[in-house]
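Student: Structure incoming, see below.
In this note's numbering, the protein residues as written are 2 to 131.
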């Protein structure tokens with residue numbers, strides 16, 4: 002489906018992470034819970050909405066440490082965890098475990114998909130409060 006959506010159709014995504022939190026575990030690992038929203042729409046050549054997809058999409062979900070700078074001074078994301086996951090349309094919640102303190106989390110964090118608002122794909126991870 003990826004080739005068809007990327008090259009044969011006009012496809013726009015609306016991926017967003019709305020919440021990201023962590024809880025330190027007894028074994029010095031971190032339980033990270035994220036809530037994301039996702040949708041995919043198809044348009045004609047004039048920008049008219051043709052349909053909204055009801056199928057899940059294979060999207061990157063990532064949890065990151067602080068950004069680092071490479072030898073050229075370019076800022077690079079430092080992933081603790083990144084995995085392609087089938088994400089259904091609408092809101093979904095996922096839980097992962099990391100070995101290090103999570104700083105940021107996101108859906109499609111490298112903006113591989115054509116997203117209406119790519120700036121809402123990555124947010125800071127907050128500590129859970131009891």
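Beta carbons are placed, not taken as given, at the ideal position from N, Cα and C, and that holds for glycine.
For a minimum of 3 consecutive residues, which ranges assigned as the beta strand (DSSP E) are wholly contained in the stretch 72-110?
Tutor: Counting whole runs of 3 or more residues, the stretch 72-110 contains the beta strand (DSSP E) stretches 76-88, 91-99, 105-108.
Student: Please name the residue, chosen from 12, 38, 42, 9, that lies closest to residue 62 on a Cα-to-Cα basis.
Tutor: The option with the nearest alpha carbon to residue 62 is 38.
Student: With respect to the beta strand (DSSP E) encompassing residue 26, which residues constitute its N-terminal and C-terminal limits?
Tutor: Careful: residue 26 lies outside any beta strand (DSSP E) and carries neither H nor E.
Student: Straight-line CA distance for residue 65 to residue 15?
Tutor: In a straight line, the C-alpha of residue 65 is about 21 Å away from that of residue 15.
Student: So which of 115, 8, 121, 97 has the shortest CA-CA distance to residue 24?
Tutor: For residue 24, the nearest C-alpha among the options comes from 97.
Student: Please say whether residue 89 and residue 110 have beta carbons closer to each other than 8 Å?
Tutor: In this structure, residue 89 does not lie closer than 8 Å to residue 110 by Cβ.
Student: Assuming residue 86 and residue 95 are in contact, meaning their beta carbons sit under 8 Å apart, how far apart are those beta carbons, in whole angstroms?
Tutor: 7 Å between Cβ atoms; contact.
Student: Note down the Cα distance separating residue 8 from residue 79, rounded to an integer number of angstroms.
Tutor: If I take the Cα positions, the gap works out to 30 Å.
Student: Check for me: the beta strand (DSSP E) holding residue 124 runs from which residue to which?
Tutor: Note, residue 124: beta strand (DSSP E), 123-125.
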